[in-house]
Amino acid sequence: MRLSRYFMPILRETPKEAEVVSHRLMLRAGMLRQEAAGIYAFLPLGLRVLNKVCAIVREEQNRAGAIELLMPTIQSADLWRESGRYDDYGKEMLRIRDRHDREMVYGPTNEEMITEIFRAYVRSYKDLPLNLYHIQWKFRDEVRPRFGLMRGREFLMKDAYSFDVDKEGARHSYNRMFVAYLRTFARMGLQAIPMVADTGPIGGDMSHEFIILAATGESEVFCHRDYLDLAPPGEDVDFDDAAALQGIVDTWTGLYAATSDKHDPAAFDRIPPAKQVAARGIEVGHIFYFGTKYSEPMKAVVSGPDGVERPVHMGSYGIGPSRLVAAIIEAFHDEAGIKWPESVAPFGAIILNLKQGDAATDRVSEQIYRALSAKGVEVLYHDLDERPGAKFATADLIGIPHQIMVGPRALAEGKVEWKRRADGARELMPPEEAVARLVQQRC
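Just so we're aligned, residue 9 is where the sequence shown starts under my numbering, counting upward by one.
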């Protein structure tokens with residue numbers, strides 16, 4: 009993509025309304041625009057990152073055996089009355105009426121609707137276990153939306169829902185998602201720590217929040233330092249092996265980890281002082297087991313091996329891809345801008361033509377751009393007539409992992425300069441070597 013033909017409205021000044029790093033940098037980098045309080049338009053650069061995040065989420069959900077569908081954003085209020093949550097949910101739920109005066113809601117979550125879909129088609133235990141998920145926009149009317157995507161009113165959510173014949177099966181489904189979440193966040197460069205959590209309006213008796221440590225996190229968290237060194241499950245994990253999955257979950261829940269709501273100071277004090285971590289954290293995922301909380305009132309039942317009908321056991325599992333975009337920035341940035349992990353970067357490389365209009369720099373920049381594009385590398389070519397300093401600032405701000413700088417001085421020696429955004433490492437090399445390196449790294 010040539011920057012001269014791209015839509016990326018860079019802001020040179022920091023917007024006054026932006027309170028946290030991710031909000032400031034996303035606005036400055038031309039990734040999003042606020043349309044109303046807590047409601048944002050994703051501009052092209054931001055959408056590329058959001059799509060990368062969704063792709064990883066989708067791949068790991070599929071790997072764990074979940075099946076994708078798509079539910080509507082608007083739901084009938086009658087479903088919420090069936091579950092008993094219509095009056096209990098509070099003002100965060102947007103309630104509306106259509107032209108026929110039917111009460112509807114803009115879904116803040118989908119437990120009721122997925123239960124209605126399930127009960128319409130599934131009758132026997134032989135059809136279980138089942139896990140259905142979708143990636144869809146949600147709306148919760150926060151009393152004080154703030155921090156950009158960290159606490160918006162409209163947000164993108166991956167929510168999965170498991171159905172099992174009994175609690176034992178439901179626990180295995182819960183563990184599947186637990187392990188899938190560890191893999192999902194690790195692929196984005198994040199070390200997410202599972203912490204016992206309050207179930208809130210979702211309900212149930214087992215729940216974990218997945219927290220990443222960040223200085224700008226919205227909540228105070230406490231954990232054992234060894235969590236920071238635990239390796240995530242590999243690609244070869246067997247999601248059908250209940251014992252193996254339980255072993256992974258036991259490892260990741262065997263040490264102390266709690267948010268401020270669940271913090272036990274006495275238990276934390278028993279950890280050796282050198283192993284104690286008290287920090288700020290950002291929630292990037294939340295999973296719940298809630299048994300028959302919805303299946304009983306909504307009559308979602310299956311016949312068991314004995315022919316007796318019984319309510320199914322359910323769980324729900326949420327990840328906010330739009331919130332994750334902001335969380336990744338909170339975890340990976342410096343004073344100059346964003347430092348995207350390669351797996352979610354909007355582009356793998358950026359070419360900086362440091363003397364636009366010069367025959368040699370134009371020719372080599374064009375050659376590198378065409379060579380990388382032909383090899384499937386997602387590359388942004390900064391071909392605007394700007395000073396080198398402005399191009400360096402833009403490249404650092406938007407955080408593309410690899411920068412290829414094409415200038416007259418290096419070209420006089422037959423070389424270009426390569427820079428890695430993550431740590432600032434630089435190296436001079438022939439243009440063809442730069443291309444080969446980026447192709448090999450599959451940017």
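Glycine included, C-beta positions come from ideal geometry on N, C-alpha and C.
| Check | Outcome |
| --- | --- |
| At least three beta-carbon pairs within less than 8 angstroms, the stretch 92 to 103 to the stretch 269 to 279 | no |
| Coil, strand or helix - Trp-145 by DSSP | strand |
| Alpha helix (DSSP H) segment containing Ser-330, residue limits | 329 to 339 |
| Cβ separation of Gly-160 and Gly-46, assumed to be a contact under 8 angstroms, to the nearest whole Å | 4 angstroms |
| Option nearest Phe-296 by Cα separation, candidates Ser-351, Phe-186 and Asn-59 | Phe-186 |
| Run of the alpha helix (DSSP H) containing Phe-155, from where it starts to where it stops | Looking at the DSSP string, Phe-155 is not in any alpha helix (DSSP H), and its letter there is neither H nor E. |
| Meets three-Cβ-pair contact criterion under 8 angstroms: the stretch 79 to 88 and the stretch 352 to 368 | no |
| Helix, strand or coil at Glu-441 [DSSP, three-state] | helix |
| Segment contact, 8 angstroms Cβ cut-off, at least three pairs: the stretch 435 to 443 with the stretch 373 to 391 | yes |
| Through-space distance from Met-214 to Glu-425, alpha-carbon basis | 53 angstroms |
| Boundaries of the beta strand (DSSP E) in which Phe-50 is found, first to last residue | 47 to 50 |
| Ala-26 vs Leu-35 beta-carbon contact at 8 angstroms | yes |
| Beta-carbon contacts of Arg-56 that lie in its chain and below 6 angstroms, excluding the five residues immediately before and after | Pro-354 |
| Met-165 versus Val-447, Gly-415, Leu-58 and Gln-199, residue with shortest Cα-Cα distance | Leu-58 |
| Cβ neighbour criterion (16 or more within 10 Å) applied to Ala-398 | exposed |
| Stretch pair the stretch 317 to 331 + the stretch 283 to 296: three plus CB contacts closer than 8 angstroms | yes |
| Every unbroken alpha helix (DSSP H) within the stretch 337 to 405, with a cutoff of 4 residues, ordered by chain | 367 to 382 |
| Simplified DSSP state of Phe-276, which is helix, strand or coil | helix |
| Cβ neighbours of Leu-102 in the same chain (closer than 6 angstroms, five flanking residues each side left out) | Tyr-114, Phe-147 and Asp-149 |
| For Pro-416, three-class secondary structure by DSSP | helix |
| Contact belief for His-410 with Leu-446 at Cβ below 8 angstroms, rounded distance in angstroms | 6 angstroms |
| Cβ neighbours of Ile-64 in the same chain (closer than 8 angstroms, five flanking residues each side left out) | Thr-192, Arg-195, Met-196, Ser-351 and Val-352 |
| Where Pro-409 sits in the DSSP three-state scheme | coil |
| Touching by the beta-carbon criterion (3+ pairs, under 8 angstroms), the stretch 381 to 390 and the stretch 428 to 438 | no |
| Stretch pair the stretch 172 to 180 + the stretch 314 to 322: three plus CB contacts closer than 8 angstroms | yes |
| DSSP three-state assignment for Pro-319, whether helix, strand or coil | strand |
| Three-way DSSP call (helix, strand, coil) for Val-257 in this model | helix |
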